[in-house]
C-alpha cells in the first residue's frame with residue numbers, strides 16, 4: 001500500500017523496560033518491593049535501576065555482555081531484572097543451589113563479565129572465581145548484594161558491594177535500548193537433572209509478550225499484591241516478575257519459605273497473587289493449625305510442575321486459595337498454557353473439578369499454537385483424550401535458541417515446532433493433558449505407564465505426603481513401577497504392601513507399583529523431584545523378577 | 001550471540017486473528033454475541049468467520065484487497081472484523097452517517113472490492129455504487145447484511161446477502177495469515193469535520209498490541225460482559241472489539257442507544273464494561289427515573305472525547321458507574337492514554353476527583369511514549385501544569401500511515417513523533433491534560449483561551465445540557481468566546497445574560513463567553529460536536545464590537 005512510513009513514531013522494538021518506566025509514573029509513590037522491614041516505591045525502584053545500569057557501564061559492561069547473579073530472592077534481584085537490560089546487557093540468573101564447580105562452568109560458558117552475589121553464597125562464588133583463575137579464565141567482577149536482614153555478615157573490603165556501586169550511578173542515565181526486539185535479554189540455564197544444563201536465551205520481544213499474556217491469564221489487575229515463594233532465578237524471574245512491574249504490583253519478598261511466613265505475609269500485606277510449586281502447596285495443606293491465618297480474601301495461586309492432586313486442591317480451596325494450573329518449560333519463558341477455568345465448572349463435585357483442573361489446558365495469548373503430535377510423522381494426535389504424543393509449541397514466547405549450541409537449537413525446533421519432550425493427550429475440547437516426560441515414562445511389557453497417573457493415585461492416599469514413581473529394571477517386563485514415598489507425620493505404620501494394595505484397587509494391575517520405598521525425595525532448587533537420581537537408585541536395586 | 005535460530009517455532013507475526021482462534025477453544029460454548037433475541041457462542045463465531053473468509057476468497061478477494069462496510073452495529077459487523085483479515089484482506093469500516101456522495105468518494109479512494117451493507121443503508125450504498133458506475137469506476141460487489149430485527153425489509157433478488165454468502169463458505173478454510181506483522185489490517189477514515197477524511201491504516205502488529213493493552217487498562221478479566229453503545233465502525237471497532245475477543249467477552253449489541261435500552265441491557269445481561277461518549281453519559285444522567293434500573297454491580301465505563309464534567313461524573317458514580325477516561329485519536333488506534341486512577345484518590349472530595357479525572361493521564365502498555373512538546377523546537381514542555389504544547393506520540397500503536405498520502409504521513413511523523421494536533425499541559429506527576437484542539441483554541445487579545453475550560457464551566461451550570469465554545473470574529477480582540485448551548489427540560493427561562501454572568505464569576509473575564517446562542521448542536525456520528533459548523537455560524541454573525 002502506498003503512503004506508509006516506518007519510523008520511530010510508529011515502530012519501537014518491544015521490550016519490558018518500558019513497563020518499569022510507565023510504573024514509575026503510574027504508581028510512583030506506591031510500594032514496589034517489601035523485604036522484611038525495608039520497602040521501596042516504584043519511583044525509587046526506577047531511580048535505583050537507572051543508577052545500577054549506569055554503574056554497570058562504568059564497570060566496563062558493553063552492549064550484549066552477560067551479567068550473572070547467584071542469589072536467593074532479594075529486592076536487588078528484582079532490580080537487576082531491569083537494570084541489566086537497561087544497560088544493554090544480558091541477565092544470567094544462576095541457580096542458587098549450584099555448587100562452585102557448576103557455577104564456574106556456567107560462568108565460563110556464559111562469559112559473564114560481572115556476577116552479583118547473595119552474601120550467603122559468597123563462599124560458593126569466590127570458590128568458582130578462584131577455580132576460573134586457576135584455569136587461566138578471566139573471572140567476572142564480583143559485586144556483593146546487600147541482605148538487609150543479614151547485616152551481621154562482614155566481608156572482605158576489596159569486594160564491590162551493591163549499595164556503593166549504586167551510589168556511583170546516575171539516574172540521568174540514558175537507557176541502552178535494544179537495537180532490535182530480537183536482541184537477547186537473558187540467559188537461563190535449565191535445571192537439567194540428567195544432562196548438562198542448556199543455556200536458554202530469551203529476547204526482549206518474547207519477554208514483553210510473555211509478561212503481558214501472563215498478567216492476563218493470572219487475572220492481574222492494576223496494583224496486585226504478589227508474594228514471592230518461587231525463586232526469581234528460575235526462568236529469569238518467572239514470567240510473573242516483569243508482568244508484576246507492568247501492573248504496578250506490590251512485591252512481597254520473603255527470606256525463607258515456610259507455611260507460617262506465607263500465612264503471615266498474606267495476612268499482613270493482603271496478598272492477592274502468589275506462585276507455589278507442588279511441594280509448597282503440600283507444605284501449606286500439611287501445616288499445623290498454629291501456623292495458619294484466615295485469608296483476607298481469595299488468593300490466586302499459580303502452580304505448575306505437576307497437576308494438583310484432588311486432596312491438595314480441596315484443602316487449598318477450603319483455606320481460601322484458588323489454584324490456577326499453568327504449564328510450560330524454561331524454553332517457553334515459563335507459562336505457555338493454562339487450564340482456562342469455566343464458571344460453570346465451579347458447581348461440579350470435587351473429583352470432577354480436580355479431573356478438569358489436572359489438565360494443562362490451552363495456550364495463552366502470546367503463544368501461537370500448542371499441539372500434541374507424533375514426533376516422527378508430525379501429525380496431530382486425535383482429540384480422544386487417549387492417544388499420546390509429544391507436546392509441541394510455536395510462537396513468540398519460545399526461546400530464541402540455546403547459547404553456543406546451534407545443533408541443540410536446530411534439534412529442538414525440528415519441523416518448525418519446539419519439541420517439549422513431554423508426552424500428553426488432547427481432549428475433545430482442545431485442552432491438553434500432560435502424562436509424563438518422555439524420559440520418565442515406564443515401558444512395562446510393551447505398555448506405556450504414565451508415572452504422573454500412578455503418582456496421582458499415590459497422593460490420594462491419606463498417609464502419603466510426597467510420591468514419585470520411576471521404572472525399576474525387570475527381567476521379564478523390561479521395567480515395573482517403583483514408588484518412592486514419604487509419609488505424613490503420624491502415619492509411620494503404613495506398609496509398602498498397603499500402598500501397593502491401594503494402588504491395585506484403583507489402577508490397572510500393570511500400572512500399580514511393584515516396589516514401594518519409604519525415603520526422602522531428592523529435589524532441585526525449584527522443588528522438582530529429581531527422578532534421574534531415583535532412577536539410579538531403582539537401577540541399583542536390580543531386577544525384581 | 002551464537003546458537004540462535006529464527007524460524008516458525010519461535011517467530012510468528014503478531015495478529016489479533018489468534019484471539020478468535022483461542023477463544024473458540026477457551027470459551028467455545030460461552031456466548032460471544034447477543035443481538036435482540038439471537039445469540040452466538042465463541043465456537044459458532046469462529047466457524048462463521050472461517051466461512052465468511054472462505055466465501056470472500058470465492059468472491060475473488062485477493063490478499064491485500066480492501067473490503068468495506070457501511071453499517072450500524074450488528075453481529076455481522078463484529079464477525080467481519082475477524083473474517084476480513086482472515087481472508088488476507090483489509091477491512092474498511094465506513095461511517096454509517098455518510099451520504100452517498102461521500103461513500104462513493106471513499107469507495108473509490110480505498111478501491112474496495114466488496115462492500116457489506118446494513119439493510120437500513122441500502123439506498124445510500126446503491127446510490128454510491130450507481131454514482132461510481134456513472135464515472136466509469138468499477139463499483140464493489142454489494143453484500144447485504146442481515147438484520148434479524150428488521151426481517152420486514154425486502155430486497156432485490158440479484159443482491160448477494162450475508163447468510164447465503166456464509167452458507168457457500170467452509171469452516172475447513174485455511175486462514176491467509178499476514179506475511180508480516182506490518183501488513184495492513186484495516187483502513188479507518190477519520191471523521192475529519194473540516195478537511196477531507198484521511199485514510200488511517202492499522203497493522204496486524206498494532207491491532208494485536210493495542211487490543212491487549214486496552215484489555216489491561218480497562219481491567220477486563222476473563223469473560224467480561226460488554227455493552228456496545230459505541231459504533232463499531234469508529235477506529236475499526238474501537239480497540240475494545242478485538243480485546244473483548246481476546247478475553248472471551250459476551251458482547252451485547254443494541255440497535256438503538258437510549259438510556260432505557262442501556263439500563264435494560266445492563267440489568268438483563270449483567271454488563272460489566274461499556275463505552276460511552278460524553279453525549280451518551282449526558283443522556284444517562286438526564287434520563288427520567290422510569291427509564292433507570294438499579295445496577296447489578298459496578299459498571300466500568302470507558303469514555304473519551306472530552307473530560308467528564310464534575311456534575312456528570314458525580315451523578316454517574318451515584319448510579320453505580322465507574323468512569324475511566326481514555327484519550328487518543330484514530331491515528332493511535334483509539335485509546336493511547338488513560339487517567340490511571342490511584343486508590344488513595346477515592347477518598348478525595350468530588351471536585352478534587354473530577355479535577356484529577358479530567359486529566360488524560362499516561363500512556364498505556366503498548367504505546368512507547370506520550371509527551372507534550374513545542375512543535376517547532378520539539379522540546380518537552382515543563383511539568384508545571386501550565387505551559388501548553390502539542391501532544392505527541394511514539395510507539396507501536398501509532399498508525400502505519402495515511403493511504404495514498406505519503407506527504408500527510410511524513411508531516412504527521414515529523415521529527416519521529418506523531419503530531420496529534422491537540423494542545424495540552426503536563427502535570428508534575430507526568431499526567432497530561434488536553435486543553436484544546438489546536439484549531440479550536442481561541443486567540444483573544446493575544447491570549448489563548450482553552451474552549452474545553454470554558455465548556456467545563458458551562459457544563460457545571462445546572463440548566464446546561466450541552467455546550468460548545470468557538471471563536472467569534474471581533475474587530476478589537478481578534479476573536480471572543482461564543483457559546484452554543486442547549487438547555488435541560490424545564491430550564492427554558494434561563495437567559496444568555498445569566499449564563500455569561502455565571503461564567504464571569506468563575507473564569508477570568510477574557511475567557512467568559514461574550515455571546516451565548518441557544519440552539520441544537522451539530523454532531524458527528526460518534527457524538528462529537530462539529531465545531532467547524534459552529535465556527536461558520538459564529539463567523540456569519542459578524543464581529544461583535
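Chains as they are written, first to last, in full-length UniProt numbering: chain R, 1 to 545; chain D, 1 to 545. Glycine included, every Cβ here is placed at the ideal spot set by N, Cα and C. Here the structure is a predicted model, which is why all the values come from computation and not from measurement.
- For the C-beta of residue 184 (chain D), the chain R residues within less than 7 Å are, from N- to C-terminus, 1.
- Taking the CA atoms as reference points, residue 480 (chain R) sits about 38 Å from residue 274 (chain R).
- If you ignore the 5 residues before and after residue 96 (chain D), its C-beta comes within less than 8 Å of the C-beta of 70, 71, 72, 118, 121, 231, 233, 525, all in its own chain and listed in chain order.
- Here residue 363 (chain R) carries a strand assignment [DSSP, helix/strand/coil].
- Shown here for residue 405 (chain D): same chain residues with a beta carbon closer than 7 Å to its own, the five before and five after excluded, namely 198 in chain order.
- Look at the region 333 to 410 of chain R and you find these whole runs of alpha helix (DSSP H), each 4 residues long or longer: 350 to 357.
- Assignment of beta-bridge partners to residue 474 (chain R) by DSSP yields R:478.
- For the C-beta of residue 5 (chain D), the chain R residues within less than 8 Å are, from N- to C-terminus, 400, 401, 406, 409, 410, 413.
- Within 8 Å of the CB of residue 19 (chain D), the CB atoms of chain R belong to 365, in sequence order along the chain.
- With contacts defined as CB atoms closer than 7 Å, residue 110 (chain D) and residue 128 (chain D) fail to qualify as a contacting pair.
- As the crow flies, the alpha-carbon of residue 335 (chain D) is around 7 Å from that of residue 329 (chain D).
- Leaving aside the five residues that flank residue 448 (chain D) on each side, the residues in its chain whose CB is nearer than 6 Å to its CB run, in chain order, 441.
- Under the DSSP assignment, residue 502 (chain R) falls in the alpha helix (DSSP H) whose first and last residues are 496 to 506.
- Contact fails between the region 365 to 384 of chain D and the region 346 to 353 of chain D, because fewer than three Cβ pairs, one in each stretch, are under 8 Å apart.
- Put simply, the backbone Cα of residue 77 (chain R) is about 11 Å away from that of residue 91 (chain R).
- Counting along the chain, residue 537 (chain D) sits inside no beta strand (DSSP E); it lies in the alpha helix (DSSP H) bounded by residues 531 to 540.
- Checking the DSSP bridge columns, you'll see residue 113 (chain R) has no partner listed.
- Secondary-structure assignment with DSSP links residue 39 (chain D) through a beta bridge to D:34.
- The residues 247, 248, in chain order, have a CB closer than 7 Å to that of residue 222 (chain D) in the same chain once the five nearest residues on each side in sequence are set aside.
- Runs of the beta strand (DSSP E) spanning 3 or more residues and lying entirely within the region 406 to 458 of chain D occur at 418 to 426, 432 to 437, 442 to 444, 447 to 449, in chain order.
- Taking a beta-carbon distance threshold of 7 Å, residue 359 (chain R) does not count as an interface residue toward chain D.
- One finds nothing in chain D with a Cβ atom closer than 7 Å to the Cβ of residue 176 (chain R); even the nearest lies about 16 Å away.
- The contact set of residue 242 (chain D) on chain R, defined by CB atoms closer than 8 Å, is empty, because the minimum CB distance reaches about 11 Å.
- Across the structure, residue 160 (chain R) and residue 407 (chain R) are spaced so that their CA atoms are roughly 38 Å apart.
- For residue 144 (chain R), the enclosing beta strand (DSSP E) covers residues 141 to 144.
- Taking 3 residues as the shortest admissible run, the region 267 to 328 of chain D contains the following complete beta strand (DSSP E) segments, listed from N- to C-terminal end: 273 to 275, 299 to 303.
- The beta carbon of residue 379 (chain R) sits no closer than 7 Å to any beta carbon of chain D.
- Residue 168 (chain D) counts as exposed, since fewer than 16 other C-beta atoms from the protein chains shown sit within 10 angstroms of its C-beta.
- The secondary-structure analysis by DSSP pairs residue 92 (chain R) across a beta bridge with R:68, R:187.
- Distance from the CA atom of residue 370 (chain R) to the CA atom of residue 23 (chain R), rounded to whole angstroms, is 32 Å.
- Residue 251 (chain D) has a beta carbon lying at 7 Å or more from every beta carbon in chain R.
- Inter-segment contact for the region 169 to 186 of chain D and the region 35 to 51 of chain D is present: three or more beta-carbon pairs are separated by less than 8 Å.
- Under the 7 Å criterion on CB atoms, residue 12 (chain D) is classed as interfacial with respect to chain R.
- Using beta-carbon distances, residue 270 (chain R) does not count as an interface residue toward chain D, since no partner is under 7 Å.
- Here DSSP, grouped into helix, strand and coil, assigns residue 493 (chain R) to coil.
- Think of a sphere of 8 Å around the beta carbon of residue 368 (chain D): the chain R residues whose beta carbon falls inside it are 12, 18, in chain order.
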